[in-house]
Amino acid sequence: MHGVSYDRFDVVVVPFPFTDRDASLRRPALILSDAQFVADTGSHVLAMITRAARSNWPLDVPLTDVATAGLAVECRVRMKLFTLDANLILKRAGWLGEHDADAVSDALAALFGLNGAA
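Going letter by letter, the sequence shown gives residues 55 to 172 in our numbering.
1. Count the other C-beta atoms from every protein chain shown that fall within 10 angstroms of the C-beta of His98, then say buried if there are 16 or more, exposed otherwise.
2. Mind checking which residues open and close the alpha helix (DSSP H) that includes Phe91?
3. Got a sec, what are the start and stop residues for the beta strand (DSSP E) Thr122 sits in?
4. Exposed or buried, which one is Ser87 when buried takes at least 16 other CB atoms within 10 Å?
5. In angstroms with no decimal places, state the Cα-to-Cα distance between Ala89 and Arg62.
6. Check Ala155 in the structure and name its three-state DSSP category.
7. Looking only at its own chain, which residues have a Cβ that is under 7 Å from the Cβ of Leu138, when we skip the five neighbours before and after it?
8. Mind reading off the beta-carbon distance from Val158 to Val92? Whole number of angstroms is fine, and I expect it under 8 Å.
9. Helix, strand or coil: which one does DSSP assign to Ala164?
10. Against chain B, with Cβ distances strictly below 8 Å, would Asp64 count as a contact?
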């Protein structure tokens, strides 16, 4: 497995498409999984990070602290989730500030119906 460890709410750079480390496109993504999941599977669960401000998806989370996240422009976390082999992550760009991490946690709870609503 890859020697670098990543934490929940780290912003990382991944290749797109997700199958080739030599791909020319690089995209930011957000780590959602914890260390135990990675230890058990060798993979991370991630969410897409996009600049697409014109196309709102349900539960999009606009990031308020892009500098801490290591992003150059305003972005949003989009609830397009995927798994990726830990070895394919290229680097850590940053991490979410507390406010942004709380907002993503709330969006995930709403997505999966974990907010107490029936």
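The beta-carbon is built from N, C-alpha and C at its ideal position, and this holds for glycine as well.
The answer reads as follows:
1. buried
2. 89-95
3. Segment 120-123 is the alpha helix (DSSP H) holding Thr122; no beta strand (DSSP E) there.
4. buried
5. 8 Å
6. helix
7. Val68, Phe72, Ser97, His98, Leu100
8. Val158 to Val92, Cβ: 18 Å. No contact.
9. helix
10. Protein chains in the displayed structure number just one, and chain B is not present.
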